[in-house]
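Working notes for the structure below.
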Amino acid sequence: MFNSVAWQSLAYHAQCQLWRRAFPIAVCSKYFEPLKSNKFIRRHIMLGPQQSFSKTFFFRQLFDQESSTYTYLLADINSKEAVLIDPVLEQAIRDANLIKELGFSLKYAINTHMHADHITGSGVLKKMIPGCKSIISKSSGANADIKLEPHDVIEFGSFKLDARPTPGHTNGCVTYVAEDQGIAFTGDTLLIRGCGRTDFQEGDAATLYESVHNQIFSLPENFRLFPAHDYKGHMSTTVWEEKRYNPRLTKPKNEFIDLMNNLNLPYPKKIDVSVPANKVCGIQD
Ligand SMILES: N[C@@H](CCC(=O)N[C@@H](CSS)C(=O)NCC(=O)O)C(=O)O
Ligand SMILES: [Fe+2]
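Mapped onto the working numbering, the consecutive letters of the sequence shown carry residue numbers 34 to 318.
Shown next, in the form of structure tokens:
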């Protein structure tokens, strides 16, 4: 459980305690102030160990530069069953080629929500890969082969994803949690040091705040989080990090609502084509 960083931190802390005894208050409070509440040690421990993946769990993060969207390919290496989370239309050939090359069989093209900034690849992937089914939540209002109810479980090989409802950015937003791998795919509900906007579709800041605090921040702190977008070059985060450093979601609820209602962001460039197409889970013919 303790890695070398944690041991070093504890050794350092013990050393500091000895110094404190030898030189009370004046010297020590100046130099060892950060250790006062053990924050230093906790930071080292929580930034350290994250759960490793099972030996047969395949994980690949893919990126679409134009929309800054992350797509995730997950698979069971034994059974070869695979899923794609949040595929992008323009990257469908890239994704299908990768799946073919690796010898996987794509069971599901899964959406975290009805995207407003790009067209999902799930419709086209269904055409390209016979047997692949599209998935979105029932509360998204979109059509798909499978419409999820809250906490439905998606299975591929020996792995599963729990569909936690996290409305707020849209009504149908879902965070997919792979409990046994210590990871969650947050869509646009939680972005790294940010969150999805709440000023269109069925956006609601208070609902998003509750979703994050009840469904995401309640996960173990060492869980890794993978969002649907990042605009600053970051790739993943953890529950521990976001609970401390997310500049929006660490605010009290009333301040968060105020901030979200005054973001004044321009609408996504492709909103007028994306939303109608995503209502049917992407282009179908
Ligand atoms: N410039 C982009 C759209 C950027 C944007 O609005 N992103 C959304 C997620 S996609 S629906 C968002 O929620 N952003 C949160 C934020 O704080 O930026 C485009 O024109 O496509
Ligand atoms: Fe979105």
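Just so you know, even glycine gets a beta-carbon here, dropped at the ideal spot from N, CA and C.
Item	Value
Could you give the uninterrupted runs of the alpha helix (DSSP H) lying entirely in the segment 217-290, keeping only those of 4 residues or more?	238-244 and 272-278
Answer yes or no: do ILE143 and ASN311 have a C-beta to C-beta separation smaller than 8 angstroms?	no
For HIS202, count the other beta carbons within 10 Å of its own beta carbon; 16 or more makes it buried, fewer makes it exposed. Which is it?	buried
Report buried or exposed for ARG197, applying the criterion of at least 16 other Cβ atoms within 10 angstroms of its Cβ.	buried
Determine which residues share a DSSP beta bridge with VAL207 and list them.	PRO198
To which residues of the same chain is ASN204 closer than 6 angstroms at the C-beta, ignoring the five residues directly before and after it?	SER172 and GLU235
Which residues neighbour ligand 2 when neighbourhood means a C-beta less than 6 angstroms away from any of its non-hydrogen atoms? List them by chain order.	HIS146, HIS148, ALA149, HIS202, ASP221 and GLY229
I need the DSSP call for ASP213, collapsed to helix, strand or coil.	helix
Buried or exposed for SER307, going by 16 or more other Cβ atoms inside 10 Å?	buried
Between which two residues does the alpha helix (DSSP H) harbouring LYS160 extend?	155-161
Hey, ALA115 and LEU106 are a contact pair by Cβ (cut 8 angstroms); roughly how many whole angstroms apart?	6 angstroms
Would a C-beta distance cut-off of 8 angstroms place THR231 and THR199 closer than the cut-off?	no
Just to confirm my understanding: we take ASP128, look at its own chain, exclude 5 residues before and 5 after, and list those with CB closer than 8 angstroms. What are they?	LEU95, THR104, LEU106, LEU117, PRO120, GLY154 and LEU158
Is the separation between the beta-carbon of HIS267 and that of ILE216 shorter than 8 angstroms?	no
Taking just the CA atoms, how far does LYS286 sit from SER191?	39 angstroms
Have a look at SER62 and SER251 and give me their C-alpha separation to the nearest angstrom.	Residue confidence for SER62 is low, a pLDDT of 43 falling below 50, so the modelled location carries little weight; the figure read from the coordinates is stated next. Computed Cα separation, rounded: 35 angstroms.
Identify whether CYS49 lies in helix, strand or coil by the three-state DSSP scheme.	Caution is warranted here: a pLDDT of 39 is assigned to CYS49, below 50, making its placement in the model unreliable, and the coordinate value is therefore given only provisionally. CYS49: helix per DSSP, three-state reduction.
Between PHE218 and the rest of its own chain, which residues show a CB-CB distance below 7 angstroms, the 5 nearest in sequence each way excluded?	TYR105, ILE118, THR145, THR208, TYR209 and PHE259
Which of the three DSSP states, helix, strand or coil, is assigned to LEU181?	strand
Only counting the same chain, and skipping five residues up and downstream in sequence, which positions put a Cβ closer than 7 angstroms to that of LYS303?	ASP150 and HIS151
In the DSSP assignment, what are the bridge partners of LYS312?	Answer is none; LYS312 lacks a bridge partner.
Quick one: Cα of TYR242 to Cα of ARG281, how far?	9 angstroms
Note down the Cα distance separating GLY164 from SER138, rounded to an integer number of angstroms.	9 angstroms
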